[in-house]
Amino acid sequence: MTVLDHMKAAGYDPNAARNADDLRRMGVGTMECESIQLRTFRCRPYQYEGEMLAVEATAMVPFTDGTQRPYPDGWPSSIKASAMAFFRIKEDE
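Take 6 as the starting number for the sequence shown in the working numbering and just add one per residue.
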């Protein structure tokens, strides 16, 4: 499964994200992996829109010491190893 597949399996569909077109165009989250690290937080990524839920998914990879850790930023293919999607927060009516 890719990083985006894992994100969808966790209940966050990247195709329903506010930035879904950007995710597809940039090719983020396409790395195959066994598991991911998810981080969620509230933010305001767009100037003229309200607060959104940000979901950051990063591939967990094995290191030579036998541990599994998130794929480090700056390593080759780090763009493929992570994805950040923004979801509109549904207000209670």
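Yeah, the Cβ is synthetic: ideal placement off N, Cα and C, and Gly gets one too. Here the structure is a predicted model, which is why all the values come from computation and not from measurement.
Do you know offhand how far K95's Cα is from G79's? What you label residue 95 is simply residue 90 of the sequence shown in a count that begins at 1. What you label residue 79 is simply residue 74 of the sequence shown in a count that begins at 1. Taking the straight line joining both Cα atoms gives about 34 Å.
Apart from the five residues on each side of it in sequence, which residues of its chain come closer than 8 Å, Cβ to Cβ, to A14? Residue 14 sits at position 9 when you count from the first residue of the sequence shown. Same-chain partners within the cutoff: M6.
Distance, Cα to Cα, H11 vs A25? In the sequence shown, the residue the question calls residue 11 occupies position 6. In the sequence shown, the residue the question calls residue 25 occupies position 20. C-alpha separation (whole angstroms): 16 Å.
Would you mind stating whether F92 and L43 have Cβ atoms separated by less than 7 Å? In the sequence shown, the residue the question calls residue 92 occupies position 87. In the sequence shown, the residue the question calls residue 43 occupies position 38. No, they are not a contact pair.
What three-state label does DSSP hand A62 in the structure shown? Position 57 of the sequence shown, counted from the first residue, corresponds to residue 62. A62 falls in the strand class under three-state DSSP.
Quick check on the DSSP output: the alpha helix (DSSP H) that includes A25 runs from which residue to which? Taking the sequence shown and counting its residues from 1, the one referred to as residue 25 is at position 20. Taken as a continuous stretch (DSSP letters only), the alpha helix (DSSP H) holding A25 covers A25 to M31.
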